[in-house]
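Numbering-wise, the working numbering comes out as the position in the first sequence, counting from 1, plus 456.
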Amino acid sequence: MPPPSVRVRFAPSPTGYLHVGGLRTALYNYLFARRNNGAFVLRIEDTDQSRKVEGAVENLIETLRWAGIEYDEGPGKEGDFGPYTQSQRLALYGEHARKLIDAGHAYYCFCTPERLEQVRQKQIAMKLPPSYDRHCRDLPADTVRQRREAGEATVIRMKVPVGGETAFEDLIRGKVTIAHKVLDDQVIVKSDGFPTYHLAVVVDDHLMNISHVIRGEEWLPSTPKHIMLYQYFGWDLPRFAHLPLLLNPDKTKLSKRQGDVAVEDYRKKGYLKEAIVNFVAFLGWNPGDEREIFTLEQLIQEFSLERVGKSGAVFNIEKLNWLNQQHLRLKADEEIARLAVPVLEVAGLKDIDFRYLVSVVKLMKERITLLPDFADFAGYFFRDPETFDEKGVKKYWNEEAAKAMNVLADRLQSASPFAQKAIEEILRTLAEELNVSAGKLIHPARLALSGKVVGPGLFEMMELLGRETVVRRLRNADLAIGKS
RNA sequence: GGCCCUAUCGUCUAACGGUUCAGGACGCAGCCCUCUCAAGGCUGAAAUACGGGUUCGAUUCCCGUUAGGGCUACCA
Numbered sequence: 457m458p459p460p461s462v463r464v465r466f467a468p469s470p471t472g473y474l475h476v477g478g479l480r481t482a483l484y485n486y487l488f489a490r491r492n493n494g495a496f497v498l499r500i501e502d503t504d505q506s507r508k509v510e511g512a513v514e515n516l517i518e519t520l521r522w523a524g525i526e527y528d529e530g531p532g533k534e535g536d537f538g539p540y541t542q543s544q545r546l547a548l549y550g551e552h553a554r555k556l557i558d559a560g561h562a563y564y565c566f567c568t569p570e571r572l573e574q575v576r577q578k579q580i581a582m583k584l585p586p587s588y589d590r591h592c593r594d595l596p597a598d599t600v601r602q603r604r605e606a607g608e609a610t611v612i613r614m615k616v617p618v619g620g621e622t623a624f625e626d627l628i629r630g631k632v633t634i635a636h637k638v639l640d641d642q643v644i645v646k647s648d649g650f651p652t653y654h655l656a657v658v659v660d661d662h663l664m665n666i667s668h669v670i671r672g673e674e675w676l677p678s679t680p681k682h683i684m685l686y687q688y689f690g691w692d693l694p695r696f697a698h699l700p701l702l703l704n705p706d707k708t709k710l711s712k713r714q715g716d717v718a719v720e721d722y723r724k725k726g727y728l729k730e731a732i733v734n735f736v737a738f739l740g741w742n743p744g745d746e747r748e749i750f751t752l753e754q755l756i757q758e759f760s761l762e763r764v765g766k767s768g769a770v771f772n773i774e775k776l777n778w779l780n781q782q783h784l785r786l787k788a789d790e791e792i793a794r795l796a797v798p799v800l801e802v803a804g805l806k807d808i809d810f811r812y813l814v815s816v817v818k819l820m821k822e823r824i825t826l827l828p829d830f831a832d833f834a835g836y837f838f839r840d841p842e843t844f845d846e847k848g849v850k851k852y853w854n855e856e857a858a859k860a861m862n863v864l865a866d867r868l869q870s871a872s873p874f875a876q877k878a879i880e881e882i883l884r885t886l887a888e889e890l891n892v893s894a895g896k897l898i899h900p901a902r903l904a905l906s907g908k909v910v911g912p913g914l915f916e917m918m919e920l921l922g923r924e925t926v927v928r929r930l931r932n933a934d935l936a937i938g939k940s
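Have a look at this one:
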């Protein structure tokens with residue numbers, strides 16, 4: 457018998473943005489599918505009408521697309537198992553819920569939220585674990601029919617055996633066992649007719665032929681209920697793999713209060729998708745050796761569930777920054793330049809000559825961490841500096857320096873060609889004549905040209921800026937610094 | 001409270017009973033390079049939560065304690 461084909465899914469709820477934890481879950485599913493020549497399905501779990509957010513699905517899809525995670529089947533890409541949005545599959549869930557009722561594995565429950573709350577309060581007061589008291593579990597069939605015909609509100613609950621336990625082999629955690637007595641008779645169809653997660657996930661995973669359920673650890677405790685449902689339906693079980701959670705620096709579950717959790721936040725800040733993907737992949741997984749810089753393609757080649765860890769991982773922004781820097785350096789200058797265009801436009805730097813921008817990128821790319829750094833650290837390549845580093849002015853600028861800059865400007869007029877080597881020679885010769893160290897000219901020159909005390913080598917910077925700009929800025933510097 | 005999961009440097013992690021003074025990376029500190037800043041190179045500080053077993057030998061296996069997290073909805 458050939459091994460069953462691998463089919464996995466990412467099944468988010470459209471409640472807003474894509475969480476970085478969600479991105480990692482999606483990524484692991486995607487990597488696993490690609491690695492094993494399987495299919496990666498995107499399914500929208502929108503069974504909670506009250507939490508629906510307008511535009512969330514589009515946002516989710518766009519963010520995944522941006523990250524390079526392409527799904528094989530899903531909304532807008534219908535395969536053989538659609539539709540891929542749960543609110544469009546209601547008939548399916550109803551049909552399956554009825555099967556469970558007919559087989560005696562589920563029952564109608566007429567308990568009101570008020571009664572449920574009373575029961576809960578009583579249990580808490582008696583220091584008992586709160587759970588449904590199974591009040592409607594054994595209602596006579598006639599009673600049920602009458603009450604339903606009378607239009608009484610009802611939910612459907614699954615029957616959990618009173619005794620025994622369910623165990624399963626988690627691909628990441630090994631054997632997990634849960635006693636049935638701690639399990640509730642879970643609601644599987646709500647009074648609005650929508651299924652809860654528990655029913656929908658089982659029905660869809662089966663109908664969509666999902667082979668491996670790779671999801672967050674928060675689902676671990678309810679997995680036995682899902683297994684029970686599979687058994688009630690007489691279906692084969694998928695394999696389960698529960699991923700460790702992503703954590704805040706204080707080790708609590710990653711939350712909005714302690715920083716950005718939306719992938720789009722990082723995107724807006726100018727992080728590269730390559731860095732984000734590489735970073736989240738390594739939160740809980742590693743290749744087993746000392747390599748750390750991975751492209752999506754390389755991750756596909758090496759990913760395996762066996763190497764996924766069990767403990768939660770803190771989202772450490774310092775490492776993300778470093779990875780971003782690393783991926784930036786891996787890119788061609790032209791590509792970085794393309795990415796920088798919109799970023800520079802935001803900073804008011806429009807209509808920049810692309811060839812020139814590429815040259816700027818060449819000089820700057822090892823000096824920046826994020827794309828927006830270009831605007832902050834390299835703005836002077838595109839317009840004359842208006843502000844000058846205060847400490848730098850204090851340290852390097854005085855009457856003497858201003859005078860020297862004018863002389864330097866004069867001499868640079870005759871630099872031929874106006875290139876690094878010739879420029880350096882002129883400057884060093886001048887320093888010798890003035891009997892000062894080269895630094896005495898280099899530092900004020902950098903300040904005059906860029907307004908900064910840090911940056912690329914002075915001579916290459918000059919060459920790129922061009923003779924006209926360099927001479928002008930050197931001559932105007934004293935005035936400009938005075939004004940700033 | 002109950003149930004489940006987890007536990008190596010500050011952080012991400014390697015080690016799948018013994019080539020280990022516990023390795024790498026980020027961050028931190030110092031040095032080198034150098035016109036500055038980056039980058040790069042070198043060096044350093046920094047961890048097996050605790051207590052019991054099992055074993056000739058435990059980071060590694062078992063039990064307990066502690067700590068953290070998750071779940072305990074007509075949310076996912």
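From the three backbone atoms N, C-alpha and C, an ideal C-beta is built for every residue, glycine too.
- Looking from the CA of GLU856, the closest CA among LEU827, ILE732, HIS899, GLY532 belongs to HIS899.
- The residues ALA793, in chain order, have a CB closer than 6 Å to that of LEU813 in the same chain once the five nearest residues on each side in sequence are set aside.
- Contact between the region 585–603 and the region 629–648 is present: 3 or more CB-CB pairs across the two stretches fall below 8 Å.
- Here PRO651 is bridged, per DSSP, to VAL645.
- ARG590: not part of any alpha helix (DSSP H); DSSP gives it neither H nor E.
- Scanning GLN781, GLY895, LEU930, LEU572 for the CA closest to the CA of LYS851 turns up GLY895.
- Counting only residues of its own chain and dropping the five nearest sequence neighbours on each side, LEU752 has a CB closer than 7 Å to the CB of GLY524, VAL733.
- With contacts defined as CB atoms closer than 8 Å, LEU761 and ALA697 qualify as a contacting pair.
- Scanning its chain for C-beta atoms nearer than 7 Å, with the 5 sequence neighbours on each side dropped, one finds around ASP716 the residues TYR722, in chain order.
- Per DSSP, ALA635 lies in no alpha helix (DSSP H); the unbroken beta strand (DSSP E) holding it starts and ends at 630–635.
- In the structure shown, the three-state DSSP call for HIS899 is helix.
- Beta-bridge annotation (DSSP): GLU625 is paired with LYS631.
- For LEU784, the closest of PHE537, ASN932, GLY726, ILE773 by C-alpha to C-alpha distance is GLY726.
- GLY550 carries a helical assignment under DSSP once its states are collapsed to helix, strand and coil.
- Excluding its 5 nearest sequence neighbours in each direction, ASP706 has C-beta neighbours in its own chain below 8 Å: GLN714, listed in chain order.
- If you draw a 10 Å sphere on the C-beta of ALA606, you find fewer than 16 other C-beta atoms in it, and that means exposed.
- Boundaries of the beta strand (DSSP E) harbouring LEU699: 695–699, taken from the DSSP string.
- Under the DSSP assignment, MET614 falls outside any alpha helix (DSSP H), being part of the beta strand (DSSP E) whose first and last residues are 611–614.
- In the DSSP assignment, GLY477 falls outside any beta strand (DSSP E) and lies within the alpha helix (DSSP H) extending over 476–491.
- Boundaries of the alpha helix (DSSP H) harbouring GLY938: 923–939, taken from the DSSP string.
- Secondary structure note for PHE830: its alpha helix (DSSP H) is the uninterrupted segment 829–834.
- A distance below 6 Å between beta-carbons, with the five flanking residues on each side excluded, links SER469 to the following residues of its chain, in chain order: GLU501.
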